[in-house]
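Peer 1: Mapping the sequence shown onto full-length UniProt numbering, position 61 (from 1) lands on 61, and the numbers just tick up by one. Beta carbons are placed, not taken as given, at the ideal position from N, Cα and C, and that holds for glycine. What follows is a structure written as structure tokens; I'll ask about it next.
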Amino acid sequence: MSCNFIIHCITRNRDGDADFGQDEGSGERGGDLLLGYEGEDECLELVGLKYVEMEIMENRVEVSCPECAAHLHPSDIRNLVGGRTALIEKYEQFSLRRYLMTECDTRWCPAPDCGYAVIATACAACPQLKCERESCGTLFCYHCKVCEF
């Protein structure tokens, strides 16, 4: 369950009431968080969006409300960032990676610039794994993670 601060931000973002970072007088985007805003609602909404954006860019998937420290549900985060597809994809990638890190059978492909996860079970008899990423196919050892095959 989300706090009132985040619900307010999501509702205003969905309704399209705010134009983030837009200077009302000049029509130009500003770098200052509060540039061009007269009302408290727009400032709170912008702070909420910028806060969530910063948390995602810093690889945090457990995002808390800046007002009350309540954990935000992933759907709240998606609603808050709206149509920013790249930001949503980054958040989902970090979330998946964090989950896979908790799985004891997850092994990461050791090939340079791959980073693909391989989930392997029953590898005692044959510890050889193959990265299934289409452009990779690296063979490596389940136990020592060295490309030796």
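1. Below 8 Å, can you find three or more Cβ-Cβ pairs linking the segment 120-129 to the segment 137-145?
2. By the three-class DSSP mapping on this structure, what secondary structure does residue 139 have?
3. In or out: residue 119 buried (at least 16 other Cβ within 10 Å) or exposed?
4. Going by the beta-carbon positions, is the gap between residue 52 and residue 80 smaller than 7 Å?
5. Touch check for the segment 71-80 and the segment 103-110: three-plus C-beta pairs under 8 Å?
6. Can you tell me which of the three DSSP states residue 107 falls into?
7. Can you list, in chain order, the residues of its chain whose CB lies under 8 Å from that of residue 121, leaving out five sequence neighbours each side?
8. Consult DSSP for residue 86 and reduce its assignment to one of helix, strand or coil.
9. Just list the residues that DSSP pairs residue 128 with in beta bridges.
10. For the candidate residues 84, 85, 111 and 115, whose alpha-carbon lies nearest to that of residue 98?
11. Is the beta carbon of residue 111 sitting closer than 7 Å to the one on residue 100?
Peer 2: Here's the rundown:
1. yes
2. Here residue 139 corresponds to residue number 139 of the sequence shown, with the count starting at 1. DSSP places residue 139 in strand when its eight states are reduced to three.
3. Here residue 119 refers to the residue found at position 119 of the sequence shown. Its Cβ having fewer than 16 others within 10 Å, residue 119 is exposed.
4. Here residue 52 corresponds to residue number 52 of the sequence shown, with the count starting at 1. Here residue 80 corresponds to residue number 80 of the sequence shown, with the count starting at 1. Closer than 7 Å, so yes.
5. no
6. Within the sequence shown, the letter at position 107 stands for residue 107. Reduced to three states, the DSSP call for residue 107 is strand.
7. Translated into positions along the sequence shown, residue 121 becomes position 121. Correct list, in chain order: 105.
8. Within the sequence shown, numbered from 1, the residue matching residue 86 stands at position 86. Three-state result, residue 86: helix.
9. As a working note, residue 128 is residue 128 in the sequence shown. Paired residue(s): 141.
10. Your numbering for residue 98 matches position 98 in the sequence shown. Closest option to residue 98, Cα to Cα, is 115.
11. Residue mapping note: residue 111 aligns to position 111 of the sequence shown, counting from 1. Residue mapping note: residue 100 aligns to position 100 of the sequence shown, counting from 1. No. Outside cutoff.
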